[in-house]
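Asker:
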Amino acid sequence: MSAVAGTVYLVGAGPGDEGLMTLRGADLLSSADVILHDQLIGPRALDGVRSDAELIDVGKIGGGKQVPQEVTNELIIEHALAGRSVVRLKGGDPFVFGRGGEEAIACLERGIAVEVVPGVTAGIAASAYAGIPVTQRGVASAVAFVTGHENPDKPETQIDWPALAAFPGTLIFYMGVRSLGRIAEALISGGRPGDQPAAVVERGTFPAQREVVGTLETIAQIAEDAEIKAPAITVIGDVAALGEQIGWRDRARPLAGKTIAVTRARAQASALATRLSALGAEVVEAPAIKIEPLHPELPDLTQYDLLCLTSPNGVEQLFAALGDARELAGLTVAAIGPGTARALLAHGIKADIVPDRSIAEALVEALADPPIRRALIARAEEARDVLPDALRAR
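Residue numbers for the sequence shown follow my numbering, so the first one is -10 and each next one is one higher.
1. Assuming residue 244 contacts residue 261 under a Cβ cut-off of 8 Å, what Cβ separation, rounded to an integer in Å, is found between them?
2. In three-state terms, what does DSSP make of residue 46?
3. So is residue 306 buried or exposed if we call it buried at 16+ other beta carbons inside 10 Å?
4. Using 8 Å as the threshold, is the region 18 to 25 in touch with the region 66 to 75, meaning 3 or more CB pairs across them?
5. In chain order, which continuous runs of the beta strand (DSSP E) of length 3 or greater are located wholly inside the region 18 to 106?
6. Let's see if you can read the secondary structure: which residues bound the beta strand (DSSP E) around residue 199?
7. My assumption, with CB atoms under 8 Å, is that residue 223 sits in contact with residue 137. Please give the rounded CB distance.
8. State the Cα-Cα distance for the pair residue 241 and residue 117, rounded to the nearest angstrom.
9. Flag this pair as yes or no: are the beta carbons of residue 220 and residue 192 separated by less than 8 Å?
10. Identify which residue in 332, 239, 60 and 94 has its Cα closest to the Cα of residue 46.
11. What are the start and end residues of the beta strand (DSSP E) that includes residue 163?
12. Could you pull out every residue in the same chain whose Cβ sits closer than 6 Å to the Cβ of residue 129, ignoring the five residues on either side in sequence?
13. Enumerate in chain order the residues of its own chain whose CB-to-CB distance from residue 308 is below 6 Å, with the five nearest sequence positions on each side excluded.
14. Opposite residue 272 in the DSSP bridges: which residues?
15. Count the other C-beta atoms from every protein chain shown that fall within 10 angstroms of the C-beta of residue 437, then say buried if there are 16 or more, exposed otherwise.
16. Between residue 346 and residue 330, what straight-line distance do the alpha-carbon atoms span, to the nearest angstrom?
17. Which of the three DSSP states, helix, strand or coil, is assigned to residue 128?
18. Under 8 Å between the Cβ atoms of residue -1 and residue 105?
19. Distance check for residue 326 and residue 300, CA to CA, integer angstroms please.
20. Give me the Cα-Cα distance between residue 16 and residue 152, rounded to the nearest whole angstrom.
21. Could you tell me the distance, in whole angstroms, from the CA atom of residue 79 to the CA atom of residue 101?
22. Is the region 252 to 259 close to the region 204 to 220, with three or more CB pairs under 8 Å?
23. Going by C-alpha to C-alpha distance, which of 109, 248, 290 and 55 sits closest to residue 5?
24. Cα separation between residue 357 and residue 320?
25. Grab me the residues of residue 55's own chain with a C-beta within less than 6 Å of its C-beta, minus the 5 sequence neighbours each way, in chain order.
26. So the beta strand (DSSP E) residue 370 belongs to, where does it begin and stop?
27. If you count every other CB in all the chains shown that lies within 10 Å of the CB of residue 40, and 16 or more means buried, which is it?
28. For residue 278, is the classification buried or exposed, using 16 other Cβ atoms within 10 angstroms of its Cβ as the cut-off for buried?
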C-alpha cells in the first residue's frame, strides 16, 4: 500500500464512436497508470493510452462475460491504494445505468479521492445517430430513461408500469432487447397506444449500427425478425417516426456498414483510419509492413549533389538519422510527389524538385535537366529500379 492513494476517475467513454468521448476523458486516459474498461467502448478508445499502462477488461456487455461488480470495486481500490492513477472507463455515462455511483461510494468509503467525468449516454446518442430527437417541440417535451432489465411480470419490480405507460413523452429503454415483448405488453396494458411509433437501435454510433422501426405493438416481432442483438436501445414515442425523415447517417457517412482493413505500417495507419471512420467505416488496423532503416547511419552527404526522397517514410527516416538539417546545404533535394514534399516541409525543408505525379517515371522526367554527378536515393528495399537505372544511364 502506498502512503498516498491515487485518484480514481470514473470516465464515460460515450456510446461507441470514439469521437464522442470528452476532451477531459481522453486527457485522463493518456496519463492513467491503470485503466479498467468495459467491452462497450469503441475499438479505438484506448489508442491514446500510455504504452506502460495496465489495461484490465472487466466485461460488462449484455449476454457476455461479466466480472462481478464487487470484484471490479476491489480491483479499483487495490490499484488506487497502491498509489496509482486509476481510470474506470465505462461505456456511455458512468451515472446512467453504469453503476458508477456504487464504485464512487466504494472508493470514498476507503478514503480514495474520486472524480466523475460524464459521457454521452447511449439513449441520446444512439437515437441521434438514427435521426431520432428524444424531444421535439410540439411532439415530446419530456423523456424518461428506463432500464430494460426489469421484468414487468415480477411482483417486486421497481418500475411503476402504469405510471410509465401514462408518461407524456419519450420512453428510452436500455438493455431491453430480450424483454421487449413483455415491456410492450405492460405499456399497452397500462394504456399506452399500441400504434405509437417505436424504434430499436442496435450498436448505436458504431459503424455497424442498425435500426428497425415499427409500432409499440409490432416492434418486438420486427426486432426479432431482424435478429437485433444487444447492445441496443429502444425508443418509444411519436419522435421515433422522425428517424426516416431526419436520418442523416447514411448521407453523411457513405461507408457506414463497411469494414475496411488498413494494412499500412502502424505509424501511418491512424490518420487514414481516422478519415475512414469519419466516413462511417469500421476500420481494422492490420499492419502488413514494418518500417525500419536499412542503414542506421547516413553516408557522408557532402559526397552527393542530389538527394532523392521517394516517400514520406524516407523523409522520416532521414531526419531520424540526420544530426543537423544544415548537412543538406548544397544538395539538390528532389521529392517524388506532393506528399513527400509536404513531409519535407514539415521539417523546414522545401524540395527543389517535385513532379506532379507520385511515381518514379515522373521524377525521372523532372530530373532530365539538372546536372548530376552523384545521387543518393532514399527508397524501400523492394522498390522498382526505374529511378536508379535512369540516373545511371545519364
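Every residue, glycine too, gets a C-beta built ideally from N, C-alpha and C.
Answerer: Checking against the coordinates, here is how it stands:
1. Taking C-beta atoms under 8 Å as the contact rule, residue 244 and residue 261 fail to qualify, at a distance of about 12 Å.
2. strand
3. buried
4. By the Cβ rule, the region 18 to 25 counts as touching the region 66 to 75, because three or more pairs are nearer than 8 Å.
5. 23 to 26, 43 to 46, 75 to 79 and 103 to 106
6. DSSP places residue 199 inside the beta strand (DSSP E), whose first and last residues are 199 to 204.
7. 7 Å
8. 13 Å
9. yes
10. 60
11. 159 to 163
12. Excluding positions up to five away in sequence, the list reads 158, 159, 226 and 228.
13. 336
14. 249
15. Residue 437 cannot be examined here, being either before or after the span of the chain that is shown, -10 to 383.
16. When only Cα atoms are considered, residue 346 and residue 330 end up about 12 Å apart.
17. coil
18. yes
19. 8 Å
20. 42 Å
21. Each residue's CA atom was taken as its position, placing residue 79 and residue 101 some 19 Å apart.
22. no
23. Nearest option by C-alpha distance: 109.
24. Distance between residue 357 and residue 320, taken at the CA atoms: about 17 Å.
25. 48
26. For residue 370, there is no enclosing beta strand (DSSP E), as DSSP marks it with neither H nor E.
27. exposed
28. exposed
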